[in-house]
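Colleague: The opening position of the sequence shown corresponds to residue 118 in this note's numbering, with each subsequent residue numbered one higher.
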Amino acid sequence: LERIEDLGPDEVISVYTDGPFVDLCRGPHVPSTGRIRHFKLLHAAGAYWRGDERRQMLQRIYGTAWFTKEDLEGYLRRLEEAKKRDHRVLGKQLDLFSIQEEVGPGLILWHPKGAMVNFQLRRFIEDVILERGYQLVYTPNVTREELFLRSGHLPLYAENQFPAMAAGEGEAEGVRYRVKPMNCPMHVLIYASQQRSYRDLPIRLAEIANVYRNERSGTLHGMLRVRGLSMDDAHLFLREDQIEQEIFQLLDIVELVLGKTFGLSYRLDLATRPPKKLGTDATWDQAERALEQALKHRGATYRLDQGGGAFYGPKIDIKFNDAIGREWQGATIQLDFEQPERFGLEYTGEDNRPHRPVMIHRAIYGTLERFVGFLIEHFAGAFPLWLAPEQVRVLPISDVQASAARVLHERLRAAGIRSHLDERNETLNYRIRDGELQKVPYMAVVGQREAEAGSVAARGRGEGKKQVVLPVAEFVAKLQEEVRTRSLTPLV
Ligand SMILES: [Zn+2]
């Protein structure tokens, strides 16, 4: 009844019954639960009524039903597989990251190994975009609240923002600060800080920045849904006649990163105006048409996601599949006529008169938290060499080879390879097993023969006892090549 009270007076209300059970539901329902043949109850959990911890506790039972036995079994197998790849479990096992009560829910502590993956991803995307005319900027994590009122994020986006903070000493009484949920308005101010000419455009400002969103603690999930996000963000300021070429460049970057580098298959969704939005229908028409045209001229296939746009403009969302067929939300390309209007952005045209630029908000990984969470599950923790926090583990068979192993370790490091020397007083088998558990791409075993010949016995991850003996120089060269090309398959 509480739900019904929330609905408008003209709302159509449907109720389904099955024996004594009455369900307030949009439907449809099966006429009888007896028709469901292939099902399994998965787990039960307590939940608060309407997610409010001050309300009654309910018992929620989760189950799944399929048309055939094979479909049900296939689904359960995928669940099992997904459980083995769970980034929260692997994150702990591989010592990549943690979430700790003392810091707070949804806030990631990147441990050295996870931080290395994060760092490599940053370096890669920054190299890619700097080659394509982007410029890096850095902006603060907190800002005066007025900035978000001007951009329209407040009050529209208020529920996702952390509450306001009082101003610092020496400022006016009423001034409030917010930790930023987005970078857009700050990049806008950098654009607006000087006179721009049509010849300067496009201007592409990029920043991998921390932003904070006040998600309900019940919706948080490992690295996949967090409160502190590192976005690989950028804002592009362009003339209207540059929209298409810019979208093409963005789709090229998406293909390079997701398609070529990670070997992912992905699809494009064109998301149009949502019910809660800024701006007039005329500007929305214009923006939606521009994106659609760019996709058509590109010859790209895409799906329409009616009402899925951002509140300031339509967008192209890129969704990709992981190794076990689950779909993930990745890159996003959002066209915005609204922010330039609100901030009165201008450039001087060829006609010597002021014109309004168009803005694109875009992220390729989305957030590093989510993308690394995805990569952990996609690769089941076995990162390709260029991303692996530890690339080679050097193992002397016994003390006798300790100095030869150390020389190899130093040589690998000098060559830019992340090498770790394991000279613990444990058996070789024990140390190999440990390296396998840590999913290290290569183990370099140094025995008497290798020490004398200046060679190495290399074992690839997942190759069992198979090993390749090769000269150290060749080993190093192959590793470097595998890293340089960001190969997904081992070269040694
Ligand atoms: Zn933005």
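By construction, the Cβ of each residue, glycine as well, lies at the ideal position given by its N, Cα and C atoms. In this text the structure is predicted, and so the values were computed from the model without any measurement.
How many whole angstroms separate the CB atoms of glutamate 569 and arginine 202, which I take to be in contact at a CB cut-off of 8 Å?
Modeller: About 43 Å separates the two Cβ atoms, so there is no contact after all.
Colleague: Alpha carbon to alpha carbon, what distance is there between arginine 152 and threonine 134?
Modeller: 15 Å
Colleague: Where does arginine 172 fall in DSSP's three states?
Modeller: coil
Colleague: Among Asp402, Gly250, Gln210, His338, whose alpha-carbon lies nearest the alpha-carbon of alanine 388?
Modeller: Asp402
Colleague: Take valine 475 as the anchor and find which of Asp551, Tyr419, Glu455 has the nearest alpha-carbon.
Modeller: Glu455
Colleague: Identify whether methionine 340 lies in helix, strand or coil by the three-state DSSP scheme.
Modeller: coil
Colleague: Say the cut is 7 Å; is the CB of histidine 270 nearer than that to a heavy atom of ligand 1?
Modeller: no
Colleague: Please look up how many angstroms separate the CB atoms of serine 314 and threonine 465, rounded, as I've assumed it's under 8 Å.
Modeller: Between serine 314 and threonine 465 the beta-carbon gap is near 5 Å, inside 8 Å, which marks them as a contact.
Colleague: Quick check: does the Cβ of methionine 303 come within less than 7 Å of any heavy atom belonging to ligand 1?
Modeller: Taking the Cβ of methionine 303 as the reference point, every heavy atom of ligand 1 lies at 7 Å or farther away.
Colleague: What are the uninterrupted segments assigned as alpha helix (DSSP H) that are 4 or more residues long and contained completely in the stretch 249 to 277, given in chain order?
Modeller: 262 to 268, 270 to 273
Colleague: State the Cα-Cα distance for the pair glutamate 243 and aspartate 439, rounded to the nearest angstrom.
Modeller: Put simply, the backbone Cα of glutamate 243 is about 24 Å away from that of aspartate 439.
Colleague: Would you give the residue range spanned by the alpha helix (DSSP H) that histidine 228 belongs to?
Modeller: Histidine 228 -> no alpha helix (DSSP H), and no H or E assigned at all.
Colleague: Going by alpha carbons, who is nearest to proline 308 out of Arg333, Leu492, Val254, Glu372?
Modeller: Position check: residue 308 holds tyrosine in this sequence, whereas proline was assumed. When only C-alpha atoms are compared, the closest one is Val254.
Colleague: Could you pull the start and end residues of the alpha helix (DSSP H) that arginine 550 belongs to?
Modeller: Arginine 550 -> alpha helix (DSSP H) spans 545 to 554.
Colleague: Indicate whether isoleucine 370 and leucine 408 have their beta-carbon atoms separated by less than 8 Å.
Modeller: Against a cut-off of 8 Å, the Cβ pair of leucine 408 and isoleucine 370 comes out as no contact.
Colleague: Do you know how far the Cα of valine 562 is from the Cα of glutamine 584?
Modeller: 9 Å
Colleague: Is the beta carbon of histidine 352 within less than 7 Å of some heavy atom of ligand 1?
Modeller: Taking 7 Å as the cut-off, the C-beta of histidine 352 counts as close to a heavy atom of ligand 1.
Colleague: Evaluate aspartate 349 with the Cβ neighbour count: other Cβ atoms within 10 Å of its Cβ, from every protein chain shown; 16 or more gives buried, anything less gives exposed.
Modeller: Aspartate 349 should be labelled buried.
Colleague: What's the gap between the Cα of leucine 502 and the Cα of glutamine 508?
Modeller: 6 Å
Colleague: With a Cβ-Cβ cutoff of 8 Å, do leucine 224 and phenylalanine 214 count as a contact?
Modeller: No.
Colleague: Taking histidine 537 as part of the beta strand (DSSP E), name the residues at either end of that continuous run.
Modeller: 536 to 538
Colleague: Measuring CB to CB, does leucine 158 end up less than 8 Å from glycine 180?
Modeller: yes
Colleague: Does the distance from the C-beta atom of phenylalanine 279 to that of asparagine 331 stay below 8 Å?
Modeller: Yes, the Cβ-Cβ distance between phenylalanine 279 and asparagine 331 is below 8 Å.
Colleague: Would you check whether ligand 1 has a heavy atom nearer than 7 Å to the C-beta of asparagine 300?
Modeller: yes
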